[in-house]
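J.: Provided herewith is a single structure, encoded as structure tokens, for subsequent inquiry.
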Amino acid sequence: MKNGKRIAALLGVVALLIIFCLPMFFALKGDFSQEVFMASLHTVLFVAVMGYVIWMVFRLVNKKKNEEDKRMIKNIVFDVGLVLVEFNWQSYLDGFHFDKEKRDKIAKATFQSEVWDERDKGLLEEREYREKFKALAPEYAEDIEDVIRNSTRCVTKMDYAETWTKYLKEQGYNLYILSNYSRYMLDGTKQNEMPFLKYMDGVIFSCDVNQMKPDIEIYQTLLSKFNLKAEETLFIDDRAENCQGAEKAGIHTIQFKDLKQAAKEMEETYGIK
Numbered sequence: 018m019k020n021g022k023r024i025a026a027l028l029g030v031v032a033l034l035i036i037f038c039l040p041m042f043f044a045l046k047g048d049f050s051q052e053v054f055m056a057s058l059h060t061v062l063f064v065a066v067m068g069y070v071i072w073m074v075f076r077l078v079n080k081k082k083n084e085e086d087k088r089m090i091k092n093i094v095f096d097v098g099l100v101l102v103e104f105n106w107q108s109y110l111d112g113f114h115f116d117k118e119k120r121d122k123i124a125k126a127t128f129q130s131e132v133w134d135e136r137d138k139g140l141l142e143e144r145e146y147r148e149k150f151k152a153l154a155p156e157y158a159e160d161i162e163d164v165i166r167n168s169t170r171c172v173t174k175m176d177y178a179e180t181w182t183k184y185l186k187e188q189g190y191n192l193y194i195l196s197n198y199s200r201y202m203l204d205g206t207k208q209n210e211m212p213f214l215k216y217m218d219g220v221i222f223s224c225d226v227n228q229m230k231p232d233i234e235i236y237q238t239l240l241s242k243f244n245l246k247a248e249e250t251l252f253i254d255d256r257a258e259n260c261q262g263a264e265k266a267g268i269h270t271i272q273f274k275d276l277k278q279a280a281k282e283m284e285e286t287y288g289i290k
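Each step along the sequence shown adds one to the number in my numbering, with nothing skipped, and position 140 is 157.
Given below as structure tokens:
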């Protein structure tokens with residue numbers, strides 16, 4: 018979009034230069050009478066003035082549109098993991114002091130497995146997911162059981178999370194949670210690691226609705242359950258695919274990298290200070 022505007026502006030400048038130069042060119046050739054030359058010069062000046070007027074009107078209209086866009090966000094939806102809480106499974110796994118080969122196999126059977134993501138959907142009982150984890154590396158079944166049993170230790174609250182959400186709530190925004198989260202992890206971390214939940218107007222965890230990001234259904238569930246308008250809603254998530262899923266549902270998004278970056282984008286794009 019920005020490149021298109023630059024090209025259009027450049028073409029406009031070139032066109033104006035050509036129009037300005039034509040009267041002088043023909044005057045020097047002797048093809049114009051003085052009356053024709055003056056008429057041509059007046060035309061050039063008129064075109065220049067009209068071009069400037071059109072440009073100013075465009076800027077004014079575009080400014081109003083941008084201001085309207087910035088004012089339209091009423092709802093802010095947060096992912097939890099790596100946005101409002103830390104999820105550092107690598108350090109947690111290092112704490113078991115497994116040798117490298119064993120550590121890598123256990124990581125692939127647990128945190129890096131498809132079963133870990135599948136578990137967030139909550140379609141099976143926890144014990145059934147445990148068996149699936151162990152089946153991926155049966156030689157380490159006992160260790161995998163220990164790793165999963167204590168895996169809630171991976172989750173710790175971000176030091177800014179409560180302050181940030183409280184501030185946005187005080188600014189008048191409606192706040193929501195939309196997060197992929199397993200029942201076991203949620204039950205083990207909700208009370209101590211999620212103090213920001215008290216500022217939320219609504220919460221959806223994947224394990225409660227048996228849906229997951231980035232599937233469009235979970236975003237539609239969010240909008241319908243809390244009666245939200247997509248165009249008034251901003252979603253903040255650390256994963257690009259989850260942002261893309263929200264955009265398919267018509268929701269505005271910011272891909273979270275850190276608090277400073279997210280806050281800057283919120284202010285510059287949506288006027289959220």
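Positions of the beta carbon are idealized from the N, C-alpha and C atoms, including for glycine. Bear in mind the structure is a predicted one, so any value in this text is a computation, not a measurement.
Whose C-alpha, out of Met211, Glu285 and Val164, is nearest the C-alpha of Thr182?
T.: Nearest of Met211, Glu285 and Val164 to Thr182, Cα basis: Met211.
J.: Need the endpoints of the beta strand (DSSP E) that Tyr193 sits in, please.
T.: Asn191 to Ser196
J.: Is there contact here, the stretch 169-180 with the stretch 140-160, by at least three beta-carbon pairs under 8 angstroms?
T.: Segments in contact, no.
J.: Which residue wins for smallest C-alpha separation from Arg256, given the options Phe273, His269 and Lys265?
T.: For Arg256, the nearest C-alpha among the options comes from Phe273.
J.: In whole angstroms, what is the alpha-carbon distance linking Met18 and Leu110?
T.: Any answer about Met18 is weak, because its pLDDT of 49 lies below 50 and its placement is not dependable; what the coordinates show is given next. Between Met18 and Leu110, the C-alpha separation is close to 45 angstroms.
J.: With the cut-off set at 8 angstroms, would you say Lys91 and Asn191 are in Cβ contact?
T.: yes
J.: For Val7, tell me which candidate among Phe95, Leu239 and Phe128 has the shortest Cα-Cα distance.
T.: Residue 7 falls outside the range modelled here, since the chain spans only 18 to 290, and no answer is possible.
J.: Quick one, which of Cys171, Asn197, Phe213 and Arg166 has its alpha-carbon nearest Tyr184's?
T.: Phe213
J.: Grab the span of the beta strand (DSSP E) containing Asp254 for me, first residue to last.
T.: Thr250 to Asp254
J.: With a floor of 4 residues, list each alpha helix (DSSP H) that falls wholly inside the stretch 206-260, ordered by position along the chain.
T.: Within the stretch 206-260, the complete alpha helix (DSSP H) runs of at least 4 residues are 223-226 and 233-242.
J.: Could you give the first and the last residue of the continuous beta strand (DSSP E) run that contains Glu103?
T.: Val102 to Phe104
J.: Is it true that the CB of Lys242 sits closer than 8 angstroms to the CB of Ile268?
T.: no
J.: Apart from the five residues on each side of it in sequence, which residues of its chain come closer than 6 angstroms, Cβ to Cβ, to Leu276?
T.: Tyr177
J.: Since Val172 is in the alpha helix (DSSP H), which residue starts that stretch and which ends it?
T.: First-last for Val172: Val172 to Lys174, but that is the beta strand (DSSP E), not the alpha helix (DSSP H).
J.: Quick one: grab the DSSP three-state call for Phe299.
T.: A query on residue 299 cannot be resolved here, the shown segment of the chain reaching from 18 to 290 and no further.
J.: Cutting at 6 angstroms between CB atoms, please list the residues of its own chain near Cys260, excluding the five before and the five after it.
T.: Asp254, Thr270 and Gln272
J.: What are the boundary residues of the beta strand (DSSP E) that includes Phe95?
T.: Asn92 to Phe95
J.: Please report the Cβ distance between Tyr198 and Asp218, rounded to the nearest whole angstrom; I am assuming they are in contact, meaning their Cβ atoms lie under 8 angstroms.
T.: Going by Cβ atoms, the distance from Tyr198 to Asp218 rounds to 18 angstroms, so no, they are not a contact pair.
J.: Please report the straight-line C-alpha distance between Ile71 and Ala247, rounded to a whole angstrom.
T.: 33 angstroms
J.: Which class does Ile161 belong to by DSSP, given the choice of helix, strand or coil?
T.: If DSSP states are grouped into helix, strand and coil, Ile161 belongs with the helices.
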